[in-house]
Amino acid sequence: MTNSKMDENVFKKLVAKALKVKISKINMKLKIGDLKEWDSLGHLAILGALDKFTKGKASAIQGLGTTNSLKKTWETLKKNNLAK
Amino acid sequence: MIFGTALGSKIFNIEKFCNEEFGEEKARQLIKKTGPKKLFICGKNENTLSLSIKAWYDLKKKITPNLHDVENIVYITENPIRKFPGNGFYFASKIKIKNTINIIDINSGCTGFVDALGLALELKKESIIICSETYSKNISKFTRSISTLFSDGAAAFVLNHNNIELIKKSYGFLENTSNDLSCEYNQDMSMNGKVVYDFTMTSVIPNLISFIKKSKRKIDRMYFHQGSRIVIKNFKTKLSKYCKHIPENISLKGNLVSATIPHLINDDLIKRPLKNEEIILLCGFGVGLAYSIILLKVKGKK
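Residue numbers (this note's numbering), protein chains in the order written: chain E, 1 to 84; chain L, 1 to 302.
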């Protein structure tokens, strides 16, 4: 994975890797708690992975940490010009 | 800076408990994020007042405070032994201080020590600062995000204006987040971990960086509230370019709320004593949700 603006596929790969699940389990309709791996610890793992990929830019987005679904997270990243 | 410290007398082995409750892999992941492997919890007969007295006597083993010169007691706790009066009055009676002392009780969380120090520095007189907390009394059943983080403890400090100079301070809070880390009367405390985490990343850290840049000072040490292991890791990642010395003790003691920073400084100074003219930054953050930052200059070696 390169550190350019992420696309949806890269986003899903990052989430799958953070949650330690197969990418086939990841879809944009997922909400926190839908997978047993996506609990509060999994949530921190996702945020950490996004921050690492965006070289620290993701953690500066207000409200990203409180998004409850992948769709919301993805839209927040797009709104802040970190995803395409 | 010399502190007296005290911890709850019972030890809760988080690692063992979580291994049994969640399995070793989940427990390992959890402790990697939270930090402490064990926590110090109050016994049945311990409370914020008894812990603060214990911390005071620990301080008196190290120094002999001149109580005649002390004009203020600033007592920080969110768990006073009674709704009123504040613990400060009980504490003052216990240590047999003069009855003209100005007693200030403050209900403050993780920003407590920084709040108290900022206030005491403005008061211009010598002050005793007490931070004492027993969050375990607000937790009746195990909750993964709360029960694995907080220890009970206290710290005592006597501010001598000849040893510390205030350079700059800054405070802030995030509106409409007060219930996200709170405790209602006769109920367990609650914490919205996502909101608190978001607050540290998008409010505390950016404001801290802005504060540091505006201060235009080379900072020798930074002491941050030990919220959790992951929060400290984030702070270190974002702030290590501004200061090389950012100690942590979350793994050893847990989050001691307002007593965290005093314990952290105390533990750090054992290994690395302060030098004259050193510039140190303290940052507390949490309940409010709020942050308090203070920049100090050390005068004399202590």
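For each residue, glycine too, the CB sits at the ideal point set by N, CA and C. Computed from a prediction, not measured in an experiment: that's the story for all the values here.
Presumed contact (8 Å Cβ cut-off) between residue i and residue j, rounded CB distance
i	j	result
residue 88 of chain E	residue 63 of chain E	No answer is possible for residue 88 of chain E: it lies beyond the span of chain E, which begins at 1 and ends at 84.
residue 308 of chain L	residue 71 of chain L	In this structure chain L extends from 1 to 302, so residue 308 of chain L is not present and cannot be described.
residue 111 of chain L	residue 285 of chain L	6 Å
residue 307 of chain L	residue 159 of chain L	Nothing can be reported for residue 307 of chain L, as the shown portion of chain L is limited to 1 through 302.
residue 106 of chain L	residue 75 of chain L	7 Å
residue 14 of chain L	residue 148 of chain L	5 Å
residue 39 of chain L	residue 254 of chain L	5 Å
residue 31 of chain E	residue 23 of chain E	So it is not a contact: roughly 18 Å between Cβ atoms.
residue 114 of chain L	residue 243 of chain L	Wrong, their Cβ atoms sit about 16 Å apart, outside the cutoff.
residue 124 of chain L	residue 161 of chain L	7 Å
Nearest candidate by alpha-carbon position, reference residue i, set the options
i	options	result
residue 295 of chain L	L:288, L:105, L:121, L:237	L:121
residue 205 of chain L	L:42, L:108, L:172	L:172
residue 170 of chain L	L:299, L:22, L:293	L:293
residue 36 of chain L	L:52, L:18, L:201, L:42	L:18
residue 78 of chain L	L:93, L:131, L:53	L:131
residue 95 of chain E	E:39, E:22, E:10, E:20	What is shown of chain E runs 1 to 84, which leaves residue 95 of chain E out entirely.
residue 25 of chain L	E:31, E:20, E:58	E:20
residue 11 of chain L	L:275, L:27, L:43, L:28	L:43
residue 218 of chain L	L:82, L:233, L:138, L:279	L:279
residue 276 of chain L	L:268, L:297, L:225, L:270	L:297
residue 304 of chain L	L:157, L:258, L:22, L:84	What the structure shows of chain L is the stretch from 1 to 302, and residue 304 of chain L is not part of that stretch, so it cannot be assessed.
residue 51 of chain E	L:281, L:222, L:233, L:61	L:233
residue 281 of chain L	L:290, L:27, L:245, L:123	L:245
residue 310 of chain L	L:80, L:138, L:60, L:167	The displayed coordinates of chain L run from 1 to 302. Any statement about residue 310 of chain L would go beyond what the structure contains.
residue 200 of chain L	E:36, E:37, E:66, E:6	E:66
residue 315 of chain L	L:98, L:52, L:93, L:63	This structure gives no information on residue 315 of chain L, because the portion of chain L shown stretches from 1 to 302.
request  = Determine contact between the segment 254–269 of chain L and the segment 1–8 of chain L, defined as no fewer than three beta-carbon pairs at a distance below 8 Å.
outcome  = With the rule of 3 Cβ pairs closer than 8 Å, the segment 254–269 of chain L counts as touching the segment 1–8 of chain L.
Write down every uninterrupted run of the alpha helix (DSSP H) in the segment 144–185 of chain L whose length is 4 residues or greater and which is fully enclosed by it, in chain order.
-> Annotation: the segment 144–185 of chain L contains the following complete segments of the alpha helix (DSSP H) (minimum length 4 residues), in chain order: 144–147.
- Query: Using a Cβ cut-off of 7 Å, which residues of the segment 14–45 of chain E contact any Cβ in chain L, in chain order?
  - Reply: Near chain L, meaning a CB-to-CB distance below 7 Å, the residues of the segment 14–45 of chain E are 40, 41, 43, 44.
If you measure beta-carbon to beta-carbon, which residues of the segment 55–71 of chain E are closer than 8 Å to chain L?
Against chain L - using a Cβ distance shorter than 8 Å - the residues of the segment 55–71 of chain E are 56, 59, 60, 61, 62, 63, 64, 65, 66.
Proximal residues, the segment 162–195 of chain L versus chain E, C-beta separation under 7 Å:
Going along the segment 162–195 of chain L in chain order, one finds 193, 194, 195 with a Cβ nearer than 7 Å to chain E.
Counting only runs that start and end within the segment 86–154 of chain L, where is the alpha helix (DSSP H) found for 4 or more residues in a row? Assignment of alpha helix (DSSP H) within the segment 86–154 of chain L, counting only whole runs of 4 or more residues, yields 87–94, 112–123, 144–147 in chain order.
**Study point:** Uninterrupted alpha helix (DSSP H) stretches inside the segment 1–82 of chain L (no shorter than 4 residues)
**Key:** Runs found: 14–22, 24–34, 48–62.
- Task: Would you check if there are 3 or more beta carbon pairs closer than 8 Å linking the segment 230–241 of chain L to the segment 202–220 of chain L?
- Result: Inter-segment contact for the segment 230–241 of chain L and the segment 202–220 of chain L is present: three or more beta-carbon pairs are separated by less than 8 Å.
- Count the CB pairs spanning the segment 176–188 of chain L and the segment 35–51 of chain E that are closer than 8 Å, and state whether there are at least three. Output reads no: the segment 35–51 of chain E does not touch the segment 176–188 of chain L.
Task: Segments assigned alpha helix (DSSP H), at least 4 residues, entirely inside the segment 12–72 of chain E - done: Every alpha helix (DSSP H) stretch that sits fully inside the segment 12–72 of chain E and reaches 4 residues is listed by chain position as 40–53.
ask   = Between the segment 248–256 of chain L and the segment 139–147 of chain L, do at least 3 Cβ pairs fall closer than 8 Å?
value = No, they do not touch.
task: With 8 Å as the C-beta to C-beta threshold (strictly closer), list the residues of the segment 136–148 of chain L near chain E in chain order.
output: Listed in sequence order: 144, 145.
Looking at C-beta atoms only, is the number of pairs between the segment 151–160 of chain L and the segment 44–57 of chain L that lie closer than 8 Å three or more? They touch, by the three-pair rule.
Quiz item: Looking at C-beta atoms only, is the number of pairs between the segment 24–36 of chain L and the segment 213–230 of chain L that lie closer than 8 Å three or more?
Solution: By the C-beta criterion, the segment 24–36 of chain L is judged to be in contact with the segment 213–230 of chain L, since at least 3 inter-stretch pairs fall below 8 Å.
Exercise for review: Note down, in chain order, all residues in the segment 233–266 of chain L with a beta-carbon under 8 Å from any beta-carbon belonging to chain E.
Suggested key: Taking 8 Å as the Cβ-Cβ cut-off against chain E, the residues of the segment 233–266 of chain L that qualify are 234, 237, 238.
Looking at chain E, which residues of the segment 273–291 of chain L have a Cβ within less than 8 Å of any of its Cβ atoms?
Under the 8 Å Cβ criterion, the segment 273–291 of chain L contributes no residue.
Given a limit of 7 Å on CB to CB distance, which residues of the segment 198–215 of chain L reach chain E? For the segment 198–215 of chain L, which is checked against every Cβ of chain E, the residues closer than 7 Å are 198, 201, 202, 206.
- Message: Ignoring anything shorter than 3 residues, give me the beta strand (DSSP E) runs that lie fully in the segment 200–235 of chain L, in order along the chain.
- Response: With a minimum length of 3 residues, the continuous beta strand (DSSP E) runs that stay inside the segment 200–235 of chain L are 221–224.
Query raised in the report: Taking a cut of 7 Å between CB atoms, which residues from the segment 25–45 of chain L lie near chain E?
Result: So the close ones are 29, 30, 33.
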